[in-house]
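Chains as they are written, first to last, in the numbering used here: chain A, 2 to 295; chain B, 507 to 894.
Notes to accompany the following structure.
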Amino acid sequence: MLEISDLYQSFGERIAVDKLSLTVGKGELVGLVGRNGAGKTTTMRAVMGIFQPLGGSIKWSGRPVALPDRLRFGYMPEERGLYPQMRVLDQIAYFARLHGVELAAARKQAQKWLETLGLEGRGQDRVVALSHGNQQRVQLAVALVYQPELLVLDEPFAGLDPSAVDSLSDVLRAEVARGTAVLFSSHQLDLVERLCQRVVILEQGRVLASGTLDELRARLPQRLRVKVTTSVDWTSGLKGTEVIGSDSEGVLLAIAPGTDTQALLRVAMAAGSVEHFGFESGGLLELYRQLVTS
Amino acid sequence: MTGITTLVAVVLIVGPALFRPPTRPTVVGLVGPAAQALAPALRNTGKAAGVDLTTASVSDDSAARSELTPSRTSGRGQLGQLLSSLQGGQATLDVALTVDSSSATIEFYQTVSPTLAALVRAVVQEAHQRDVLIQGGVPTSVVGAAQQPEPISTVTLLATQSDMAGRSIAALAAGILLFVSVGIFGSAVASGVAQEKTSRTAEVLLAAVTPSQLMTGKVIGIGLVGIGQMAVTVGAALIANAVVKSSAVPPEVWTLLPAILLWFALGYLLYAFGFAAAGAMVARQEEVQSVSAPFTVFLIGGYLLMYASIASPDASWVRIASYVPPLMPLLIPARLALGHLAIWEMPLAVLIMLASIYGMARLAGRIYSTSLVRGGPRLSWMAALRLR
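What follows is the structure, encoded as C-alpha cells:
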C-alpha cells in the first residue's frame, strides 16, 4: 500500500502541496482530480522521488520509500519522457534493464507490450516518428514492462482517441486485477468515474474530498428532479429545498437532509400534473463542481 | 561520426602524398670528361653537407637539357601516368654541370636551388684552385694539405635542446587535440543533459537512479566514447602517415602520448561535470551554448595561452597559469612536451586536478539535482547554486 501523510512542498512563495494525505492499496485504482495547479503532478513526482518533499512522509508497505522500492514503481509523466531518436523496442528494453530486468527478458517483455498495446511492427521506428497517441502507448509500455507493483500515471489519457482510451482502460483494469496499485490523474472526469474505485479531489494543494463515488455523493445534498405540467411557479416557498436547475426535463431541487419529500410530492401534485418525480445522483463532474464551488 | 572524422583525417594525410612526387636522391648530370672527373668530389661534398646526392654522366649539352626537362609520362600504367601528370612530371636530372677549360656552367630547368648551386660551385672552384696551384708548381701534396678542411665548430651562447622543433610540434599537437576533444565531448554532455531535461526523460530516469548516478554515468559514458573515437581517428591517421610516409612524426609525440591520454581524462572530467550542470539549467535546448559559455571561454583561453607558451615555456606567467585548474589540461602537457616541467610538478599537478574535479563534481551535482527537474525559465549560476 502507498501511504502519503501530510505531504508538504512549496516552490518559492507558492505552496504546491499542503499537508496532503492519501492512500492507494494493492489492486486499487485511485483517481486524482483537480484544477491545473492543484498539486497532482507535484504529488506524483514526490512519490517517484524526483524531488525530496519539504515535509511529510511517503511510505510503501509501511516503510519510507527508497530507491529499491521505486525500481518496482512504474511512472508515466504528464509530458512524454522518451528519447526521441531512440528506436521503440530498444527504448522499452532499456528502461526495463534500468529497473533490473535481464537483457533477454527485457527485450522479450518489450516485444510483448508492443503487441499488447497495438504497436506491433513499430519496434524499429524511432519514437519521434510515432504519432502522439502511439508515443503515449510507448510511454505506458515503459511503465509496465518490468511488472511494477505501483503505477503512477500523470494524465495518461490526454490527447488519446476513443479507441486508444478504451485500450488503455483495459490495460489498467488488467493491471489492477493483477494486484497492481494504480494512482492516476486526469481531467476527464467521466473516465475517472468509470475506472476508479476511489477518487481524491485536490484543490490548492489540499485534499478537498476523498472516497468512493457513493461516499462523495453522501457529502452533498440529495437531488430531486420533478417535472410538473403547470403554469404556476410551484417551487416558490418550498422549505428545505433549493432550485439548482431547470430545463425541459423539469426542475432539479437540492434537498436538505430531513426534508419531507412526500410533502413535496403533494405540493407538486396540487400545482398540476406530475410527469416525473425521482432522485438523481450527480456524476463526478457535478460532484466536483459542487465541492469546488462550495 | 567517428567514421567520418577518421576518413577525413586519413584523406588529409594520404591525399597530399598521392600528388607529391616520390622522393629520390638529387641527381647531378656531368657533361663531358672534365665534369665527370668531379663526380667523387661532388658525392663526398654532398655527403658532408647532408645532401642525398648522386651523379650521372651525360653525353652532351643537348642530352643534358632533355634530361633536365620534366616528363609528364614518367609513371607506370595508366594510374601512374595520371598521378605523374597531376604531380607535374619528373625530370631525370636535377642539375647539369658542364666544365671546359675556361668556365663552368651549372644548369637548372626552371628554379635555381641555392644549396645545390653553392655545393656544385664549391666543388668546381676547389678543382680549379687545385689545377692552378699544380700548374704553378706547387707540389700536389701541399695542394692536398691546403685543401683539407679546417676543423670549425659552431656553438651558441645559450644552450638549447637540439630537438626543440619536434618538441614544439608535439606541444602544439597535444594542445590542439586536447582543446578539440575536451570541447567536443564536454559539449556533448551539456547537450545530452539538456535533451533529457527538455524531453522530460530525466523524470523517468530519476525514478530508477539518483541524480548523481545519472550525471556521473553520462559523464563517464561520453568520456569513454570520446577516448574510443580519439583512439580510432588518431590511430588511423598515424597508420596512414606511416604507410604513405607523408610527414615525419617527431619522436616526442610518442613519449607524450600517455600524458596526452592522462590529461584528456583529467581535463574532460573537470569540464564535463561543469557542462552537465550547465545542461541541467536550461529551459530550452537552444540555451545550452550560452549557459556553457564560462567553460568555453576557459577552454579557448587555455588554448591561446598554450600557443603563446611555446615561444617562452620558462616564463613566470606560464608557470603560474599552468596551476590554474581550468588551464592545466592544456598548459601542463605543453610544458612537459617542451621539457620545462620538473619531475615533482607532474604529480602535484595531477593532485590539484583530482581535487578540482572532486570539487567541481560536488558543485555540479548540487546544481544538477535541483535544476534538472525544475521547470520555468533558465536560471543564472548564482540562482541555481541557491536552489534547495
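Note that CB positions come from ideal geometry on N, CA and C, so glycine has one too.
L837(B) to P531(B), Cα distance in whole Å?
-> C-alpha of L837(B) to C-alpha of P531(B): approximately 41 Å in a straight line.
Start and end residues, alpha helix (DSSP H) containing Y809(B) = A799 to S815
Determine the extent of the alpha helix (DSSP H) in which D171(A) is found, giving its start and end residues.
-> P163 to A178
Those residues which DSSP pairs with L151(A) across a bridge = F74(A) and A182(A)
Using the beta-carbon count (16 or more within 10 Å), is E656(B) buried or exposed?
-> Exposed.
Is the shortest distance between the beta-carbon of A665(B) and the beta-carbons of chain A less than 8 Å?
-> With a pLDDT of 49 at A665(B), under the threshold of 50, the predicted position of this residue should be treated as unreliable, though the coordinate-derived value follows. Chain A contact via Cβ: absent.
Got a sec, what are the start and stop residues for the alpha helix (DSSP H) V686(B) sits in?
-> M670 to T704
Would you please state the rounded distance, in angstroms, between the beta carbons of S186(A) and L33(A)? I believe it to be under 8 Å.
-> The beta-carbon separation of S186(A) and L33(A), rounded to 4 Å, stays under the 8 Å limit for a contact.
Beta bridge counterpart(s) of Q10(A) as assigned by DSSP | V18(A)
Do A602(B) and G535(B) come within 8 Å of each other at the CB atom, strictly closer than that value?
-> yes
Using the beta-carbon of each residue, which ones in chain C are nearer than 7 Å to P54(A)?
-> Going by chain labels, chain C is absent from the structure shown, which instead holds the protein chains A and B.
So, helix, strand or coil for R841(B), using DSSP?
-> helix
Tell me, please, whether the region 877-893 of chain B touches the region 698-718 of chain B by the rule of three or more beta-carbon pairs shorter than 8 Å.
-> yes
Rounded Cβ spacing between V98(A) and L90(A) (contact assumed at less than 8 Å) = Contrary to the premise, residue 98(A) reads as Arg rather than Val in this sequence. In fact, because the Cβ distance is near 13 Å, the residues do not count as touching under 8 Å.
Between F614(B), V517(B), A570(B) and V630(B), which lies nearest to A540(B) when the distance is taken from Cα to Cα?
-> V630(B)
Find out if the Cβ-Cβ distance for the pair G241(A), A219(A) is shorter than 8 Å.
-> no
Apply the 10 Å Cβ neighbour rule to S886(B) and answer buried if 16 or more other Cβ atoms are within range, or exposed otherwise.
-> exposed
Stretch-stretch touch, CB-based, cutoff 8 Å, three pairs: the region 108-120 of chain A with the region 60-77 of chain A | no
Could you pull the start and end residues of the alpha helix (DSSP H) that H277(A) belongs to?
-> It is not in any alpha helix (DSSP H) - H277(A) instead sits in the beta strand (DSSP E) that spans S274 to E281.
Chain B within 8 Å of L83(A), Cβ atoms only | yes
Can you give the Cα-Cα distance for P163(A) and E204(A), rounded to whole angstroms?
-> 28 Å
Taking the CB atoms as reference points, tell me whether F74(A) and P157(A) lie closer together than 8 Å.
-> no
Neighbourhood of F801(B) by C-beta distance below 8 Å, restricted to the same chain and skipping five residues each side | Closer than 8 Å at Cβ, skipping near neighbours: G692, Y777, G780, F781, A784 and P832.
I think S674(B) touches I766(B), with their Cβ atoms under 8 Å apart; what is that distance to the nearest whole Å?
-> Rounded, the Cβ-Cβ distance is 15 Å, inconsistent with contact.
Of all the residues that make up the region 712-736 of chain B, which are near chain A by a beta-carbon distance shorter than 8 Å?
-> L712, A713, A714, V715 and T716
Helix, strand or coil for V533(B), going by three-state DSSP, please let me know.
-> strand
Extent of the continuous alpha helix (DSSP H) to which E632(B) belongs = P620 to Q641
Buried or exposed by the 16-neighbour rule on C-beta atoms within 10 Å, applied to P296(A) = The requested residue 296(A) is not part of the displayed model; chain A covers only 2 to 295.
Nearest-angstrom Cα distance between M721(B) and V710(B)?
-> Each residue's alpha carbon lies about 14 Å from the other.
With 16 other Cβ atoms within 10 Å as the buried cut-off, status of A665(B) | Because the pLDDT at A665(B) is just 49, under 50, the model does not fix this residue reliably, and the value given afterwards should be weighed accordingly. It counts as exposed.
Rounded to whole angstroms, what's the CA-CA distance from G246(A) to P69(A)? Just pull it up for me.
-> 53 Å
Cutoff 8 Å: F96(A) Cβ touching any chain B Cβ = Output row for F96(A): interface = yes.
Residues near I1(A) in its chain [Cβ-Cβ closer than 7 Å; skip 5 each side] = No information on residue 1(A) is available, as it lies outside the stretch 2 to 295 that chain A covers here.
By how many angstroms is the C-alpha of R226(A) removed from the C-alpha of A271(A)?
-> In this structure, the CA atom of A271(A) is about 17 Å from the CA atom of R226(A).
P65(A) - partner residues in DSSP beta bridges = K60(A)
With 16 as the cutoff for other CB atoms within 10 Å, does V244(A) come out buried or exposed?
-> exposed
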